[in-house]
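S.K.:
Numbering (full-length UniProt numbering), first residue to last: 1 to 252.
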């Protein structure tokens, strides 16, 4: 009989097997992604379905509404999202491009909200999805203002390549982060995907700690980054100030 800690780790592995683009998963894929024996993954999936955290669809399972309900109660992204939505709406209206809000989680960013724009490129980002910090505008904006030990951990890690233009040399990334700290704006020039560009700026707390980042994304060749960057920077500065003035920064 597995210990409670062992079983919990297996449950997390099963839930973590789902990606943002997945609708449902079969037993074989669930086992492969979780790294568990098929019988173990299947048994855990049945337990989670009984608890409402997964839903059965024939021989396949998908994330359940109960899991969604619980996720909506997580205070950090909820408080930030609620405060950011008016600024994101204004930013989309001003730029006519897709606007993202993301928060840090180790060497990755988690997308909390995305306001899409008609005619925009297919993006690798999804609400609730993750991407490495070094290949996205929001990620680099967050990383530039993160604690030194967080920056060092990323620079010392294996920097994965998502496109031909992804920055995977630690020295180049370090120089770029220095520029972002000076200017307050980060850029993704087709680093997260071909044809995609974005400008991003960090959302900071009263002590200078980074809470998240806003970005504007669109087609390369159609979006002038130099034109949208000031709007993104202004929106993030105003959101940061609003969080401080309303005493919400400590809840993010």
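Ideal Cβ placement from N, Cα and C applies to all residues, glycine included.
What you are looking at is a predicted structure, and each value in this text was computed from that prediction instead of being measured.
Rounded C-beta distance between residue 173 and residue 155? I'm assuming under 8 Å.
M.R.: 6 Å
S.K.: Determine the contact status of residue 186 and residue 137, defining contact as a CB-CB distance below 9 Å.
M.R.: The answer is yes: Cβ separation under 9 Å.
S.K.: So, using beta-carbon positions, are residue 123 and residue 196 closer together than 9 Å?
M.R.: yes
S.K.: Which first and last residues belong to the alpha helix (DSSP H) in which residue 254 is found?
M.R.: Because the chain spans 1 through 252 in this model, residue 254 falls outside it and cannot be assessed.
S.K.: Closest to residue 109 by C-alpha separation, out of 165, 224, 227 and 215, would be which residue?
M.R.: 215
S.K.: With 16 other CB atoms within 10 Å as the buried threshold, where does residue 70 fall?
M.R.: exposed
S.K.: What's the C-alpha gap between residue 28 and residue 118?
M.R.: If I take the Cα positions, the gap works out to 37 Å.
S.K.: Find out if the Cβ-Cβ distance for the pair residue 134, residue 167 is shorter than 9 Å.
M.R.: Yes, they are a contact pair.
S.K.: For residue 58, does the count of other Cβ atoms within 10 angstroms reach 16, so buried, or fall short, so exposed?
M.R.: exposed
S.K.: Of all the alpha helix (DSSP H) runs that stay within the bounds of the segment 16-66, which reach a length of 4 or more residues?
M.R.: Segments of the alpha helix (DSSP H) lying fully in the segment 16-66: 27-34 and 38-50.
S.K.: What is the rounded straight-line gap between the Cα of residue 93 and the Cα of residue 247?
M.R.: Looking at the two C-alpha atoms, the distance is approximately 27 Å.
S.K.: Quick check on this structure: which residue in 81, 90, 189 and 218 has the alpha carbon closest to the alpha carbon of residue 102?
M.R.: Ranking 81, 90, 189 and 218 by Cα distance to residue 102 puts 81 first.
S.K.: Is it buried or exposed, residue 22, if we count other Cβ atoms within 10 angstroms and call 16 or more buried?
M.R.: exposed
S.K.: Give me the Cβ distance between residue 64 and residue 53, rounded to the nearest whole Å; I'm assuming they're in contact under 8 Å.
M.R.: 5 Å
S.K.: Assuming residue 137 is part of the alpha helix (DSSP H), what are its boundary residues?
M.R.: Counting along the chain, the alpha helix (DSSP H) containing residue 137 begins and ends at 137-144.
S.K.: Considering residue 181, what are the terminal residues of the alpha helix (DSSP H) in which it resides?
M.R.: 170-183
S.K.: Should residue 33 and residue 25 be called a contact, given that it needs their Cβ atoms to be closer than 9 Å?
M.R.: yes
S.K.: Buried or exposed, going by whether 16 or more other CB atoms sit within 10 Å of the CB of residue 160?
M.R.: exposed
S.K.: If you draw a straight line from the alpha carbon of residue 255 to that of residue 244, how long is it in whole angstroms?
M.R.: Residue 255 is absent from the structure shown; the chain starts at 1 and stops at 252.
S.K.: Rounding to the nearest angstrom, what Cα-Cα distance links residue 206 and residue 146 in this structure?
M.R.: 14 Å
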